[in-house]
Amino acid sequence: MLFKVDNLTHQYSDGTLAINNLSLTFDKGERIAMLGTNGSGKTTLLNHFNGILKPTSGTIYFEDKPLEYNTKALLNLRKRVGFVFQDPNDQLFAPTVKQDVAFGPLNLGYPQEQVTKLVNEALTIVGMNEYIDKPPHFLSGGQKKRVALAGILAMQPEVIIMDEPTSSLDPIATSDILHLLLKLNKEKGITLVLATHDVDIVPLFANKLYILNKGKIVSEGTPKTSFSNTELIRKVNLRSPRIAHLFEVLKKENNLPITDELPLTISEARKEILRLIDQAVKEAKKEQTQY
Amino acid sequence: MSHSDLYVEVDRSAYTNALAKASPVTKTFFSISALIICVSALSLHSFIVPIIIFITCSFLTLTIAKVKLHLYLDLFLYPTFMVTLSCIFLALFFGSGDSLIQIPLPWTTWTIYKGGISTAINTFFSVEGSLSCLFFLVLTTSITDLSLILKRIHVPTVLVELSLLIYRYIFMFMEISHQMSTAQKLRLGGRGWLKKIRDTALLVGNLFIRTLEQGERVFVAMNARGYDGNIYVLEDFPKPKKTILATIVLFDIFLIIMIFLTTNIGVIAYAV
Chain A
0 MLFKVDNLTH QYSDGTLAIN NLSLTFDKGE RIAMLGTNGS GKTTLLNHFN GILKPTSGTI
60 YFEDKPLEYN TKALLNLRKR VGFVFQDPND QLFAPTVKQD VAFGPLNLGY PQEQVTKLVN
120 EALTIVGMNE YIDKPPHFLS GGQKKRVALA GILAMQPEVI IMDEPTSSLD PIATSDILHL
180 LLKLNKEKGI TLVLATHDVD IVPLFANKLY ILNKGKIVSE GTPKTSFSNT ELIRKVNLRS
240 PRIAHLFEVL KKENNLPITD ELPLTISEAR KEILRLIDQA VKEAKKEQTQ Y
Chain B
0 MSHSDLYVEV DRSAYTNALA KASPVTKTFF SISALIICVS ALSLHSFIVP IIIFITCSFL
60 TLTIAKVKLH LYLDLFLYPT FMVTLSCIFL ALFFGSGDSL IQIPLPWTTW TIYKGGISTA
120 INTFFSVEGS LSCLFFLVLT TSITDLSLIL KRIHVPTVLV ELSLLIYRYI FMFMEISHQM
180 STAQKLRLGG RGWLKKIRDT ALLVGNLFIR TLEQGERVFV AMNARGYDGN IYVLEDFPKP
240 KKTILATIVL FDIFLIIMIF LTTNIGVIAY AV
C-alpha cells in the first residue's frame, strides 16, 4: 500500500477536533477523491500526507514506513508527494512564472541547467509556456492554478495532492485541469488525491471515493456505489451529482425501473435512458401482440 | 499616480523593460560606477559631469530600455521638488567669500554669495544625476537579479533573503489593504473626518492579521516545495559581454577626466 492512515486523530490548538480516529489506505496509481462539506476535515487530512501537520495521535505510513518529521525526511517525502494548495495566491510567490516553477527543483538541489529543463517541461505539460516570463499577478485564476500545478510537476512527484482543484475555476478551466490530471495519471502513473466539495467532478475522475463528515469517514468505495446511497449523501449535507439526482427522482416519484447503481455521468445517463426506452418499446410491442 | 501604484509600476518595469534580460552585473556596474562619479563631482565642484550622467542614464532608461516617460517623471517628482527647495535655500542663505548681491534689511544685511549659488547649482545637478543612475538600475533590474548581485558581493545571505521576503510582503500588504479599503468604501465607510479615522484604524488592525495569515499560508506552501531557509534564485541571464564592460570603463574614465576639466565652472563666473 502506498499510503496508510492508521487511527488518525488531529486536534487543533483551539480545541477543534478536525479528524477523529480515521483510517484509510490507498495504492499507487489510484485516483482518490475526498468529498465533504467545509469543515469535514478534508484539508486537515490532506495536510498530513506531506507532513505539513503531525497527528495528535495515530500514524501515517508511506510505503509501509511511518512518516518521520525531521528536515531531511520531510524533504524526501515532499519530493515524492506534491501538494497543490487551494488558493494559488498562497503558492505563487516568486516574481515571474519561471522563478516560481523553478523554486521546487532548486530546493531539491538540482543544477541550474537541469532546473531550466524541468521548468520548461512542466510548463509545457500545463500549457503555460508563453507566460514563462510574466509575473504571476498578471494571470487569471485558472492560469494561476496551472502554474501552481507546474511548480509541483517540476519536482517530478509520484503522488499529487490537490486541495479543491476546481474551486473558482470556470467550466472550461475545470475541464482542462481534469483532463490534465487524468492524462498525468494515465501516462505517468502519478497517484492523485483530490479533496473537493464539487460533487459533479468526482465521477469524471475518481476510481475511489471517501466521504468525510466531522472528521470521520462515512463512506468508502467507488463513486458509483457511494453515490447510490442517496440518504447518506443528504445526511452529511452534500448533494448527489445532478444526473444521479434526476434518476433518483425518476425512480422514486415515477417508479421507473432504474438500476440500483444510479448513473453518474452523461454517457451513463444516455445508456440508461436508451435502455429504458428500449425496454418500454419491447413491452409495448408485447402488449400489442397480446391483444 | 498614487504611492502604492508607483511601487507596482516600478516592479512591473523591472520585468517588462527592454533591458530586463541583460546581465544585472553590467547594469549594476554601470549604475553604481556612474553614481560614485556623480557624487564625487559635487565635492570637486563640477556640475557638467552630472548633467552628462543624467542625459546618458535617461537615454538608456527611456530610449534603450523603453521605460514609460510617465513613470520616469513620476519617480523624479518628489525628490526634485525637495532638492529644488533645498537648493533655493542654499543659494539664498549659504556660502562665503565673494558676494553677488547685498540686500539691506531692517535688522541686518542679506548677502547672497556666489559660492552659495555655485554650490546650489552643483548640488541640484549632482542629485538629479545620482537619481537618474539609481532609477536606471531600479527600473531595469528585478529584485531577484539584484539579490544575486548582493550575494556575489558577499552581503550576508540572511539580509538578502530578508529583503526579498519583505519586498514580497510589501506587495501582499498593498493588495490586501486595497481590497479591504475598497470593501469599506463600497459599504460607504469613511465619510466624515472622525469616521474616517475610525475606519482606517479598523482597516490597519485587520490588515496586519490578514497579512500575517496569508504569510503563514505562503510559508507552509514554500515548505511543501522543500524550502529549507535558503531562497535559491534561478540565474537566467547571460554573462556580461566584455565589450560592454570595456565601454563602461572607458565612459567612466571619460567622466573622471571631464570632472577635472570642468571643475569650478560657476554659472556666476560667466554672468558677472
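Top line first, the protein sequences correspond to chains A and B.
Oh and the first sequence: position 154 is 153 in numbering that gives the first Met the number 0, straight run, nothing missing.
Oh and the second sequence: position 27 is 26 in numbering that gives the first Met the number 0, straight run, nothing missing.
C-beta: ideal position from N, C-alpha, C; glycine also.
If contact is defined by three or more beta carbon pairs under 8 Å, each pair taking one atom from either stretch, is the segment 131-150 of chain B in contact with the segment 232-251 of chain B?
yes
Assign Phe-259/B to buried or exposed, taking buried as 16 or more other Cβ atoms, counted over all protein chains shown, within 10 Å of its Cβ.
Here residue 259/B is taken as the residue at index 260 of the second sequence, counted from 1. Exposed, because fewer than 16 other Cβ atoms sit within 10 Å of the Cβ of Phe-259/B.
Discussion item. So for Leu-273/A, helix, strand or coil by DSSP?
Written reply: Residue numbering aside, residue 273/A sits at position 274 when the first sequence is read from its first letter. Looking at Leu-273/A - three-state DSSP - the assignment turns out to be helix.
Within the chosen definition, does the segment 103-120 of chain B reach the segment 276-289 of chain A through at least 3 CB pairs nearer than 8 Å?
no
Exercise for review: For my contact list, Glu-157/A and Thr-123/A are in at a C-beta cut-off of 8 Å; report their separation, rounded to the angstrom.
Suggested key: The residue given as residue 157/A occupies position 158 in the first sequence. The residue given as residue 123/A occupies position 124 in the first sequence. No, Glu-157/A and Thr-123/A are not in contact; Cβ-Cβ is about 20 Å, not under 8 Å.
**Asked** Is Ile-18/A closer than 9 Å to Leu-7/A when the C-beta atoms are compared?
**Response** Looking up residue 7/A in the first sequence gives position 8. Looking up residue 18/A in the first sequence gives position 19. Going by C-beta atoms, Leu-7/A is nearer than 9 Å to Ile-18/A.
_Assuming the contact rule is C-beta atoms closer than 8 Å, Leu-203/A and Thr-264/A should be a hit. Round their C-beta distance to whole Å, please._
Translated into positions along the first sequence, residue 203/A becomes position 204. Translated into positions along the first sequence, residue 264/A becomes position 265. So it is a contact: roughly 6 Å between Cβ atoms.
Chain A contacts made by the segment 91-125 of chain B, where a contact means CB separation under 8 Å
none
- Query: Is it buried or exposed for Ile-54/B, if we count other Cβ within 10 angstroms and need 16 for buried?
  - Reply: As a position in the second sequence, residue 54/B is number 55, starting the count at 1. Classification for Ile-54/B: exposed.
His-69/B bridges to which residues according to DSSP? For the purposes of this step, residue 69/B is identified with residue 70 of the second sequence, where counting begins at 1. Note: His-69/B sits in no beta bridge, so no partner.
message: Among Leu-206/B, Glu-160/B and Val-154/B, whose alpha-carbon lies nearest the alpha-carbon of Met-171/B?
response: In the second sequence, counting from the first residue as 1, residue 171/B sits at position 172. It is Leu-206/B.
- Taking C-alpha atoms, which residue in Leu-138/B, Leu-149/B and Arg-167/B lies nearest to Val-159/B? Walking along the second sequence from the start, residue 159/B turns up at place 160. The option with the nearest alpha carbon to Val-159/B is Leu-149/B.
- Which residues, taken in chain order from the segment 227-242 of chain B, show a beta carbon closer than 9 Å to some beta carbon of chain A? Asp-227, Asn-229, Ile-230, Tyr-231, Val-232, Leu-233, Glu-234 and Asp-235
Exercise. Closer than 8 Å, Cβ to Cβ, to anything on chain B: give me those residues from the segment 97-127 of chain A, in chain order.
Key: Lys-97, Gln-98, Ala-101, Phe-102, Gly-103, Leu-105, Asn-106, Leu-107, Gln-111, Val-114, Thr-115 and Val-118
Local conformation of His-47/A per DSSP, three classes
The residue you call residue 47/A lines up with position 48 of the first sequence. Of the three classes helix, strand and coil, the one that applies to His-47/A here is helix, per DSSP.
- Using a cut-off of 9 Å between C-beta atoms, extract the partners of Arg-209/B located in chain A. Against the second sequence, residue 209/B aligns to sequence position 210. Near Arg-209/B there are no residues of chain A at all, since even the closest Cβ is about 12 Å away, more than 9 Å.
Notebook entry, point to check: How many Å lie between Tyr-269/B and Val-38/B at the Cα?
Noted result: Translated into the one-based positions of the second sequence, residue 269/B becomes position 270. Translated into the one-based positions of the second sequence, residue 38/B becomes position 39. Per-residue confidence for Tyr-269/B stands at a pLDDT of 49, beneath the threshold of 50, marking its modelled position as unreliable; the derived number appears in the next sentence. Distance between the alpha carbons of Tyr-269/B and Val-38/B: 24 Å.
- What are the boundary residues of the beta strand (DSSP E) that Gln-10/A is part of? For this step, residue 10/A is matched to residue 11 along the first sequence. That run of the beta strand (DSSP E) goes 2-10.
Between the CA atoms of Gln-101/B and Val-271/B - distance to the nearest angstrom: As a working note, residue 271/B is residue 272 in the second sequence. As a working note, residue 101/B is residue 102 in the second sequence. With a pLDDT of only 44 at Val-271/B, under 50, the local geometry of the prediction cannot be trusted, and the value read off the model is given with reservation. Using only the alpha carbons, I get a separation of about 15 Å.
*What do you reckon, is the C-beta of Ala-93/A under 8 Å from a heavy atom of the ligand HEM?*
With respect to the ligand HEM, the structure shown offers nothing to examine, as it has no ligands at all.
>> Rounded to the nearest angstrom, what separates Val-126/B and Thr-27/B at their Cα positions?
In response: Locating residue 126/B in the second sequence gives position 127, where the first residue counts as 1. Locating residue 27/B in the second sequence gives position 28, where the first residue counts as 1. When rounded, the distance between both Cα atoms is 19 Å.
Between the CA atoms of Gly-94/B and Pro-49/B - distance to the nearest angstrom:
Translated into positions along the second sequence, residue 49/B becomes position 50. Translated into positions along the second sequence, residue 94/B becomes position 95. So the alpha carbons of these two residues sit roughly 21 Å apart.
Q | DSSP state of Glu-295/A mapped onto helix, strand, coil | A | An answer regarding residue 295/A cannot be provided, because it is not within the stretch 0 to 290 covered by chain A.
| message | Taking 8 Å as the limit between beta carbons, can you name the residues of its chain near Leu-41/B, skipping five residues before and five after? | response | Numbered from its first residue, the second sequence carries residue 41/B at position 42. Only Pro-49, Asn-121, Thr-122 and Ser-125 meet the Cβ criterion.
Where the segment 46-66 of chain A meets chain B: residues whose CB sits under 9 Å from a CB there:
Asn-46, Asn-49, Gly-50 and Ile-51
* Asked: Along the chain, where does the beta strand (DSSP E) that runs through Gly-57/A open and close?
  -> As a first step, residue 57/A must be located in the first sequence, where it is residue number 58. Note, Gly-57/A: beta strand (DSSP E), 56-61.
Which listed residue (Leu-66/A, Asp-259/A and Glu-186/A) has its alpha carbon closest to that of Gly-28/A:
Within the first sequence, the letter at position 29 stands for residue 28/A. The candidate whose alpha carbon is nearest that of Gly-28/A is Glu-186/A.
query = How would you call His-177/B, buried or exposed, if buried means at least 16 neighbouring beta carbons within 10 angstroms?
reply = Translated into positions along the second sequence, residue 177/B becomes position 178. Flag for His-177/B reads exposed.
Same chain only: Cβ atoms within 8 Å of Gln-278/A, ignoring 5 sequence neighbours per side:
Within the first sequence, the letter at position 279 stands for residue 278/A. Once the five neighbours on either side are set aside, the close Cβ partners of Gln-278/A are Pro-256.
Chain B beta carbons: is any one of them nearer than 9 Å to that of Gln-10/A?
-> Counting from one through the first sequence, the residue named residue 10/A turns up at place 11. No, no contact with chain B.
Q) Name the chain B residues whose beta carbon is nearer than 9 Å to that of Leu-74/A? A) One-based indexing of the first sequence puts residue 74/A at position 75. Simply Gly-225 and Asp-227.
Practice task
From the DSSP output, in three-state form, read off Tyr-269/B for me.
Solution key: Within the second sequence, the letter at position 270 stands for residue 269/B. Note on Tyr-269/B: pLDDT 49, under 50, position unreliable in the model; the coordinate value appears next. Here Tyr-269/B sits in helix by DSSP.
Within chain B, the residues that Met-154/A reaches when beta carbons sit closer than 8 Å
Position 155 of the first sequence, counted from the start, is the residue given in the question as residue 154/A. In chain order: Arg-224 and Gly-225.
- Please state whether DSSP places Leu-74/A in a helix, a strand or coil. Counting from 1 along the first sequence, the entry for residue 74/A is found at position 75. Here Leu-74/A sits in helix by DSSP.
By the 10 Å Cβ neighbour count, where 16 or more other Cβ atoms means buried, how is Pro-164/A classified, buried or exposed?
As a position in the first sequence, residue 164/A is number 165, starting the count at 1. Buried is the call here.
Label Ala-119/B either buried or exposed according to how many other C-beta atoms from any shown protein chain fall within 10 Å of its C-beta, with 16 as the threshold for buried. Position 120 of the second sequence, counting from 1, holds the residue named residue 119/B. Classification of Ala-119/B: buried, given that the 10 Å Cβ count is 16 or more.
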